[in-house]
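Protein chains: 2
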Amino acid sequence: MTNQSVTTGGSRRPQARPSEILAAALELFAEKGFSATRMDDVAARAGLSKAGVYLYFKDKTALLKALVNELAGANIAVARGIVEAHQGPVSPLVATILAFLATQVRHTRFPELIKIVIAESRAHPDVGQLYLDTVINQGLPLFEGLIRRGIASGEFRAVDPALAARLMIGPMLLAIIWKTVFEPIGAEALDIEAYAAQHADIFLRGIRS
Amino acid sequence: MTNQSVTTGGSRRPQARPSEILAAALELFAEKGFSATRMDDVAARAGLSKAGVYLYFKDKTALLKALVNELAGANIAVARGIVEAHQGPVSPLVATILAFLATQVRHTRFPELIKIVIAESRAHPDVGQLYLDTVINQGLPLFEGLIRRGIASGEFRAVDPALAARLMIGPMLLAIIWKTVFEPIGAEALDIEAYAAQHADIFLRGIRS
DNA sequence: GTTGTTACTGACTGGTTAGTCATAATGGCA
DNA sequence: TGCCATTATGACTAACCAGTCAGTAACAAC
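Chain order of the listed sequences is A and B. Its first residue numbered 1, the first sequence is counted upward by one per residue in the UniProt record's numbering. Its first residue numbered 1, the second sequence is counted upward by one per residue in the UniProt record's numbering.
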């Protein structure tokens, strides 16, 4: 909240501004959606004026792009770390990855961000493109490689790795939509960890040799 | 296209209007999204003036609601028919349902409609609510019952039916998002029928006893 | 204190569009 | 032919909000 940056007190905090603005934007986008969030709101929550926001971000869209880069990119990096550090049979790794995704879905703003990208990608194709490059085209090959490893080691039967990778994350997308779209309008909550665990169980039984 | 209704020729066709307007709205919503579609556009494509549209529909939202009722309701009715007509082991029925959903995803506007509901449900909660009532709360129990039947007959092991029903349709949601969000911005096309077939294969192996 | 620079703001503009309303055309019917 | 209910429209308004800009405040350096 208070100034931790290089410059001294008062209201001049150029170093801290961008992350403060992004934090405000993320909260508001998650609460109200992208279109319904006014730049005045973002500015107010970040503690400056609307014109001030434009000193740090070119566009409303630039806020969304920065958030996609920050959040999604971080998640993918973690997933990649988990995958690359792992030795031995891949089945438990699949379960671990799905459990990791479940906690991300439950405890972070990641689901809301994905929902917003989905909702806005027609109006802002560059945001969709960024998500495609940053998340999809990073994540899918990662999971695809995982399936390939399992097939190569004889753990899995010879399924199509590209399709299997999508089948692995498809249910997590449903969880994301469920949480961000249907729970807010009165659908009963989904136990995401249990759901991911059952998914891992069924999926692994389904592809093992 | 031409007048099939009770009144004679000219431009007065009150019987045919609503479906003409809905057809125009569906096309435009699918092409440009809900928010980006102007009521003037809908009116123009339906062949009347904007004010004319308001003689038949209260709201822009009313168009969307009518479309959800029409398309989604019809699909659910067909799925229910397939399920209830089926006798014998449920495994092939699961495969049939998934193949049916795949053709719907490939050949109808259903995916676009779902995407729009997802995108707009925060701004128009009543649309989300309608979808929840018309599709989710009709479809999920249907699939859940299917899983129960399989468990009761000894075909499937004792998985949680509520979770399994969601796991059954989760991958189809991914296919929908893939087609409506990522393919338009350059992602390679997904072979939905093959994807659904592999899903049926893996899923059924995963839950059989 | 004066000057230069950086950070910041209030007030404004321009474009957009859902929804309305007074008015007009249409066609069945007496 | 003229009447009336129904069907239709052009023109308008009221609200909304992203993005701009001329000007102001704060600070650093000397």
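Positions of the beta carbon are idealized from the N, C-alpha and C atoms, including for glycine.
Chain-ordered neighbours of Phe182(A) on chain B, where CB pairs are closer than 9 angstroms | Ser121, Gly128, Tyr131, Leu132 and Ile136
For Thr37(B), does the count of other Cβ atoms within 10 angstroms reach 16, so buried, or fall short, so exposed?
-> buried
Rounded to whole angstroms, what's the CA-CA distance from Ser49(A) to Leu163(B)? Just pull it up for me.
-> Counting only the Cα atoms, Leu163(B) lies some 47 angstroms from Ser49(A).
Listed in chain order, which residues of the stretch 144-164 of chain A have Cβ atoms closer than 8 angstroms to some Cβ of chain B?
-> Val159, Asp160, Leu163 and Ala164
Arg104(A) - containing alpha helix (DSSP H), residue span | This sequence places Gln at residue 104(A); Arg is not what is there. Residues Ser91 to His107.
Proximal residues of chain A, C-beta to C-beta of Gly139(B) below 7 angstroms | Within 7 angstroms Cβ-Cβ: nothing; Gly139(B) doesn't reach chain A, min ~12 angstroms.
Give the residues of chain A in contact with Ser35(B), contact being defined as C-beta atoms less than 8 angstroms apart.
-> Ser35 and Ala123
In whole angstroms, what is the alpha-carbon distance linking Ile176(B) and Pro89(A)?
-> 32 angstroms
Please go through the same chain and pick out, in chain order, the residues whose beta-carbon is closer than 7 angstroms to the beta-carbon of Gly128(A), but skip the five residues on each side of it.
-> Val117 and Ser121
Measuring only between beta-carbons, confirm whether Leu173(A) sits less than 8 angstroms from chain B.
-> With 8 angstroms as the cut-off, Leu173(A) counts as an interface residue toward chain B.
From the DSSP output, read off the bridge partner residues of Arg208(B).
-> Phe156(B)
Can you name the start and end residues of the alpha helix (DSSP H) that Lys60(A) belongs to?
-> Lys60 to Leu67
Nearest to Ile21(B) (by Cα), restricted to the options Gly52(B), Gly33(B), Leu190(B) and Ala30(B) | Gly52(B)
Can you pull the chain B residues whose beta carbon is under 8 angstroms from the beta carbon of Gln198(A), in chain order?
-> Val159, Asp160, Leu163, Ala164 and Leu167
Beta-carbon separation (whole angstroms), Arg166(A) vs Tyr195(B), contact threshold 8 angstroms = 7 angstroms
How about the stretch 147-154 of chain B and the stretch 74-91 of chain B: do they share at least three Cβ pairs that are nearer than 8 angstroms?
-> Touching, yes, given that three or more Cβ pairs across the two stretches are closer than 8 angstroms.
At least one CB of chain A closer than 8 angstroms to the CB of Ser5(B): is that the case?
-> For Ser5(B), the predicted structure reports a pLDDT of 33, less than 50, and the residue's modelled location is therefore unreliable. A value from the coordinates is still provided. So no, Ser5(B) is outside the interface.
Would you call the CB atoms of Ile207(A) and Phe143(A) closer than 8 angstroms?
-> no
How about Ile82(A) and Phe100(A): do their beta carbons lie closer than 8 angstroms?
-> The Cβ atoms of Ile82(A) and Phe100(A) sit closer than 8 angstroms to each other.
How big is the Cα-Cα spacing for Met1(B) and Ala16(B)?
-> In this predicted model, Met1(B) has a pLDDT of only 33, less than 50, meaning its place in the structure is not dependable enough to derive any value.
What residues in its chain sit with their C-beta under 6 angstroms from that of Ala46(A), if we drop five residues either side in the sequence?
-> Glu20, Ile21 and Ala24
Can you grab the Cα-Cα spacing for the pair Leu140(A) / Leu204(B), in whole Å?
-> 23 angstroms
Using CA coordinates, which residue listed in Phe29(B), Tyr56(B) and Leu26(B) is at the minimum distance from Arg13(B)?
-> Tyr56(B)
Excluding the five sequence neighbours on either side, which residues of its own chain have a C-beta within less than 8 angstroms of the C-beta of Thr134(A), listed in chain order?
-> By the criterion of a C-beta distance shorter than 8 angstroms, Thr134(A) is surrounded in its chain by Val68, Asn69, Ala72, Gly73 and Ile76, once the five residues flanking it on both sides are discounted.
Contact list for Tyr195(A) against chain B, beta-carbon separation under 8 angstroms = Correct list: Leu163, Arg166 and Leu167.
Going by alpha carbons, who is nearest to Gln87(B) out of Met39(B), Leu146(B), Ala66(B) and Ile136(B)?
-> Leu146(B)
Which chain B residues are close to Phe29(A), counting only those with a beta carbon under 7 angstroms from its beta carbon?
-> In chain order: nothing, as chain B lies at least about 10 angstroms away.
Output the distance between the C-alpha atoms of Lys179(A) and Leu190(A), rounded to the nearest integer angstrom.
-> Distance between the alpha carbons of Lys179(A) and Leu190(A): 7 angstroms.
Closer than 7 angstroms by C-beta to Pro18(B): which residues in its own chain qualify, once you throw out the five before and the five after it? Chain order, please.
-> Tyr56
Should Gly154(A) go down as buried or exposed, given a rule of 16 or more other Cβ atoms within 10 Å for buried?
-> exposed
Reduced DSSP category for Arg149(B) - H, G, I as helix; E, B as strand; rest coil | helix
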